[in-house]
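Undergrad: Take a look at this one; I'll ask things after.
Residue numbers (the numbering used here), protein chains in the order written: chain A, 170 to 636; chain B, 142 to 1172.
Dropping the structure here:
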């Protein structure tokens, strides 16, 4: 990491856009860089990480098997706190799953060309995070063997789900989001899969070829591809906003103080983008280093993401403050109590962890030196994700543990199984992500090439750069 | 299973000759095991006589299902066998009701037992019995579970060891009893004794007299674990032999309780609660109610209900009564001179308070009651009686009746005799003195000196194991007997089921020991034939039907008490020492859950939260927050209590900090720390009897010190709330900020009869003012529209509703570990809130609020269920289809009353696995819930449906008022719960109550329109006394 290279595109010039690809990379060298992880001999480090992640998957499987065998009682829940880590983890993972589609769809529509270097990995992260998220509502029910009743499947019982329930909205929102994100990701992959097909042999060639859907790079292919991509981007854009809005309805439409708040949809969406970008930074810092992507994933990319984190972190901080203000301003004693209790009650430690990680620490990104320092970016992003996990924990558990009737106040403590399930979900996430970096193009090759000077032969030849 | 396979094989085979059939090995195997479908699985170790067992239980259908299970198959093959001959009056699936009578917690009252196909499943009060009036208490509710106690004694023991091999047969039981009778006869020349509990049974007492006649050297002793003889001693010393007091609370306008808990666990609680409540519930109509003063050392149910409560150490309560006497004398009441002279020397514990009480008593002569607790010394009872006499209450609100119990020796006297070597044969009829007696008596040591000790008991308990012989006792629901209530009403104990295991009733045992080979039925009939020779059979049938033996009422004693003898009692009384942090007072009380320990193996009683502490599965040393703070003791810390009197008594016990306990006083409930091998009682709590003295339930001069270690105490309230503030913090939040429980003084009620201004501050965002609501109210106003009111003004927090609901609705027990995790399953719970200053025990008040599903019209739970498992019924009930529930728990999260309960594990299956007999208690009309589903109060929908069927038969659509009584309503000894139809065109009691100004909705601003509403509590405070706390 030479600083001269990494910082080369940080400065803005009036007459010249900063370059998005550094070094003297050409079309073919970009392809080589991205294809390298697929073509190289499997590094030892990959195996070690993969086995660790796989072990995590095993922990998840074992924890879930134990849960199914014994019942939901193996978690620390009780009759007052009916949800805790299960739904916390669900919202946490769904939140992380936000950045990918935001980067690919919304930034695409807004012509933010810097997205091209990171969108592929971010989308993959989204899909894997949503897979992790989907596990939790599935396993948290008391009778998993009839969890399919959540879906509107015609049945002999002539029973239909209750469309008034936000949980049902969740089912639709998250599954739609998952489907569209996956399609979007897959469509974007097609040209690159064809590239991989052309570079590989044997079974791999066949498999890549199968998924490349006969891509030949013809003019008509490109035309159709671009259209499909644009349509899917347009479809995904509202979903980015809707999915977390609907997840927030689980809380906002119920009547518990601490849950029942109109601020939730924007606040949840901001929080989701916040945590999603933090996760993208975490993953990209590592990928960039391991796969030597310094010329493609530049410091400018990181800085842009840090700025988004700073913005959304501040939005989230504003939401926290506004919740307190409304609790006081509404004159509602239950609302008031729950917020005072959050900050001073038995879960105050969780609340202050959240405030520290989500509001205070990201403010460091005001300093350019910090937001262009990879170590700082990496560590702060981890804090952001810790903070965002705690945000959901605080919302769910502290609201439930002291509700309307003081006789029914309780305290939730996680069990070993709670912890194992959560850790296991990281195992699953990283297993999928490691498979992704090994076998699929982690940078959208075709798209990156479009932001290189070579793609703009009629632009200013000497002033290399895109928008 | 083997036999099942054989059956299948043999079923298809044809036999060619009788010989072949007779010799077929399958058949031989089947012959050996006549009930082949695996009745063995049902066997409860250490063994049942399967043949008679199955014969007894008419419900073979249910058992065929149970017994063909091969372990883990979910849906066992079931054989439903119809009756070959249907028993008379029995329709399958329809309950039958039998009248009986029982003795629970020192009170005898009439019962109505529900039985399905021969299985008793529920016990309720007999409305015609004067001591029940339809209500019962927790103990009576829990008794039905005791029949199916897996640890009940099933063997004859000799020197603590079983001698019956695989199982005890009826024949062998008879032989053993005959052998015991021979031993008794052999010991006739030497001293003998019968030790029994205070059982007022004419047949049993007749047999005791017969025994004494046959063996003249027999001493009769009564074991009363809680030493409740002081009142009797006092009356005797005043010349009233063999007398007892009946307090007519319905006649009393002013009630003064000195350590007495007539609404909790002392005496005829059910009757007292019923009669007391009449003067509390009527506040709307009469704008008047009784006024209750309580002096006590820790909160009792009575103390919580009190209008004025004084927290005082037990040893000083006698002096406070003297202070009252002094005050009354000063106001011109003519009391015996001895009392006045002594009383004038006493320093009043709270002059203003005592003065206020004295004024009230003087204003209500003949309409007041002064009651003294069982734990107070005889002289205190005598002084109270003198005050009652002087106030003219005796004969009005206080009635002296002849006691149905004979004079007998105490356990202490018996022990002395044994130690003297005067007793060589001891017969113990259903008592457990080895466990439930003072450590100072060293009864267990004394028992070893007796050559022959023969014990009858329901459990192979501490005494059973220490005696030379033990016989299993039949449960009250399995035996014939008779009992006389304190007011003299006699009733017959009627068996509902044959004994599940060969066993003996009290009368059969005692008769058997005399060599009389008669069964209980014959013995009881013989006793009553003596007094009713003419037309006995018809009379007997009527008695059984009515549950009362007609024409039996006790004799009212009119002999004049001799108050001059009082001077002997109060002569030489010193002033009681004031406890300090070095010299604590220790008070031992009966426990509201396990009584003296006899319900310790009853899972329902272990799990029901104590009224005040909300503690389950344990007892603890109760300390006030102030005292605990001074000592640096926190809830869950171990403390060691040491009393140095005749000898050193010690107990290491977990501490529990709770407001309302007198300063420098530690209160220890008895009945825990059982050492016999009960699967429920083992490991529950600490044995308080190790601190109990010979004569008194309290002692001053104890050293209480914190020792190393902590202990987990499972409460159902105040999880994660700090010790020293929870009472005030939680209570203030609930009462003062949220208006969850509402309370006002009678004066305030009179000043604001519509109560519009009084509770204004709680009517935040009154939903009636909103033009639009998010959810449309269903507005069903026709047909049957169910609703409930709960009157906080009469609720005494006795927990009877909680246990009754558990019995009626097949609610699982979860165990201590899960209560610690707040996973208890009770559908109706009693919330308890404290208010006042935590450092000032006199300012602390408490209030009870029974809370169950309120059946909201716009229920938040219904809206959020993704699978529509919980939906609104057209009759206004909030229903759950258990089969549809997938267990997201969203409904529970969104329920503002937190009344929904989740089956975190397969609790019902676990309960049945821990004891297959528990299944027999289940109410067949209520679904047993599976793992992973939510459950909650259904307004006893099974009872509504049963009533609906009856109404349909009559051609009626609208159910009659009173045809549906919920389990909690039925049991409630204060009639605090009213249930009925709210429809527009119906006139019902519940509608009248909802029109009361006291009617309010908990959390009204949420616009839930719940069908259950509450009636605010009214405290009838004495204007002379400042209310303890301002509300």
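Each residue gets a CB set at the ideal place from its N, CA and C atoms; glycine is no exception.
Just the C-alpha distance for residue 962 of chain B and residue 777 of chain B, rounded to the nearest angstrom, thanks.
TA: Taking the straight line joining both Cα atoms gives about 16 Å.
Undergrad: Just how far apart, CA to CA, sit residue 201 of chain A and residue 289 of chain A?
TA: Answer to the nearest angstrom: the Cα atoms are 17 Å apart.
Undergrad: Is the number of C-beta pairs between the segment 497-512 of chain B and the segment 394-410 of chain B that are closer than 8 Å three or more?
TA: At 8 Å Cβ cutoff, the stretches touch.
Undergrad: Can you tell me where the beta strand (DSSP E) holding residue 797 of chain B begins and where it ends?
TA: Where residue 797 of chain B is concerned, the enclosing beta strand (DSSP E) stretches over 789-798.
Undergrad: How many whole angstroms separate the CB atoms of residue 409 of chain B and residue 627 of chain B, which I take to be in contact at a CB cut-off of 8 Å?
TA: Confirmed, Cβ separation roughly 6 Å.
Undergrad: In this structure, does DSSP put residue 872 of chain B in helix, strand or coil?
TA: Note: residue 872 of chain B maps to helix in three-state DSSP.
Undergrad: Straight-line CA distance for residue 355 of chain B to residue 545 of chain B?
TA: Cα-Cα distance, rounded: 23 Å.
Undergrad: By the 10 Å Cβ neighbour count, where 16 or more other Cβ atoms means buried, how is residue 581 of chain B classified, buried or exposed?
TA: Result: buried.
Undergrad: By the criterion of Cβ-Cβ separation under 7 Å, what are the contact partners of residue 1144 of chain B in chain A?
TA: The contacting residues are 573.
Undergrad: Quick one: is residue 669 of chain B buried, meaning 16 or more other Cβ sit within 10 Å of its Cβ, or exposed?
TA: Residue 669 of chain B should be labelled buried.
Undergrad: Using DSSP bridges, identify the partner residues of residue 991 of chain B.
TA: Paired residues: B:971.
Undergrad: For residue 1043 of chain B and residue 567 of chain A, I'd like the C-alpha separation in whole angstroms.
TA: Answer to the nearest angstrom: the Cα atoms are 20 Å apart.
Undergrad: Check residue 255 of chain B in the structure and name its three-state DSSP category.
TA: Looking at residue 255 of chain B - three-state DSSP - the assignment turns out to be strand.
Undergrad: With DSSP run on the structure shown, which of helix, strand or coil describes residue 762 of chain B?
TA: Three-state result, residue 762 of chain B: strand.
Undergrad: Express the C-alpha separation of residue 874 of chain B and residue 988 of chain B in angstroms, rounding to a whole number.
TA: Computed Cα separation, rounded: 13 Å.
Undergrad: Using the beta-carbon of each residue, which ones in chain B are nearer than 7 Å to residue 316 of chain A?
TA: The answer, in chain order, is 1027.
Undergrad: Helix or strand or just coil, what does DSSP make of residue 1018 of chain B?
TA: Note: residue 1018 of chain B maps to coil in three-state DSSP.
Undergrad: Within its chain, find whatever has a CB closer than 8 Å to the CB of residue 635 of chain A; leave out the 5 residues flanking it on each side and keep chain order.
TA: At residue 635 of chain A the pLDDT is 42, less than 50, meaning the model places this residue with poor confidence; the figure from the coordinates comes in the next sentence. The answer, listed in chain order, is 186, 188, 189, 282, 619, 620, 621, 622, 624 and 625.
Undergrad: Nearest CA to the CA of residue 650 of chain B: which residue from B:319, B:1090, B:481 and B:1070?
TA: Comparing Cα positions, the closest option is B:319.
Undergrad: Using a Cβ-Cβ cut-off of less than 7 Å, list which residues of the segment 547-579 of chain A approach chain B; keep chain order.
TA: Within the segment 547-579 of chain A, the residues whose Cβ lies closer than 7 Å to some Cβ of chain B are 569, 572, 573, 574, 575, 576, 577, 578 and 579, listed in chain order.
Undergrad: Hey, could you find the ends of the alpha helix (DSSP H) residue 238 of chain B is sitting in?
TA: Not the alpha helix (DSSP H): residue 238 of chain B falls in the beta strand (DSSP E), residues 237-245.
Undergrad: Residue 358 of chain A and residue 601 of chain A look like a contact to me (Cβ under 8 Å); what is the Cβ gap, rounded to whole Å?
TA: About 15 Å; that fails the 8 Å criterion.
Undergrad: What are the partner residues of residue 544 of chain A, as DSSP defines its beta bridges?
TA: None; residue 544 of chain A has no bridge partner.
Undergrad: Within the continuous alpha helix (DSSP H) that includes residue 347 of chain B, where are the two ends?
TA: Element bounds for residue 347 of chain B: 343-355.
Undergrad: What three-state label does DSSP hand residue 273 of chain A in the structure shown?
TA: Residue 273 of chain A: helix per DSSP, three-state reduction.
Undergrad: Return the CA-CA distance between residue 220 of chain A and residue 302 of chain A, expressed in angstroms with no decimal places.
TA: Cα to Cα, residue 220 of chain A sits roughly 22 Å from residue 302 of chain A.
Undergrad: Which residues, taken in chain order from the segment 1067-1093 of chain B, show a beta carbon closer than 9 Å to some beta carbon of chain A?
TA: Per Cβ criterion, the list reads 1071, 1072, 1073, 1074 and 1075.
Undergrad: Would you identify the three-state DSSP class for residue 181 of chain B, choosing helix, strand or coil?
TA: Residue placement at residue 181 of chain B cannot be trusted, given a pLDDT of 41 that sits under 50; what the coordinates show is reported in the next sentence. In this structure, residue 181 of chain B counts as helix in the three-state DSSP scheme.
Undergrad: Just to check my reading of the structure: residue 602 of chain B and residue 1139 of chain B have Cβ atoms closer than 8 Å, yes? What is that Cβ distance to the nearest angstrom?
TA: Contact flag wrong, Cβ pair sits at about 47 Å.
Undergrad: Once DSSP output is grouped into helix, strand and coil, what is the label at residue 388 of chain A?
TA: Note: residue 388 of chain A maps to helix in three-state DSSP.
Undergrad: Can you tell me the Cα-Cα spacing of residue 763 of chain B and residue 312 of chain B, whole angstroms?
TA: Going from the Cα of residue 763 of chain B to the Cα of residue 312 of chain B covers about 50 Å.
Undergrad: Taking 7 Å as the threshold (C-beta atoms), are residue 614 of chain A and residue 364 of chain A in contact?
TA: Yes, they are a contact pair.
Undergrad: If I measure Cβ to Cβ from residue 437 of chain A and keep anything under 6 Å in the same chain, skipping five residues before and after, which residues do I get?
TA: Closer than 6 Å at the Cβ level, and outside the excluded window around residue 437 of chain A, lie 413 and 417.
Undergrad: Taking Cβ-Cβ distances below 8 Å as the criterion, which residues of the segment 973-999 of chain B are in contact with chain A?
TA: Of all residues in the segment 973-999 of chain B, 973, 974, 990 and 992 have a Cβ within less than 8 Å of some Cβ in chain A.
Undergrad: Once DSSP output is grouped into helix, strand and coil, what is the label at residue 846 of chain B?
TA: Reduced to three states, the DSSP call for residue 846 of chain B is strand.
Undergrad: With a CB to CB cut of under 6 Å and the five nearest residues on each side skipped, what residues in its chain are close to residue 1030 of chain B?
TA: If we look at residue 1030 of chain B and ignore the five residues flanking it on each side, its Cβ neighbours are 1043.
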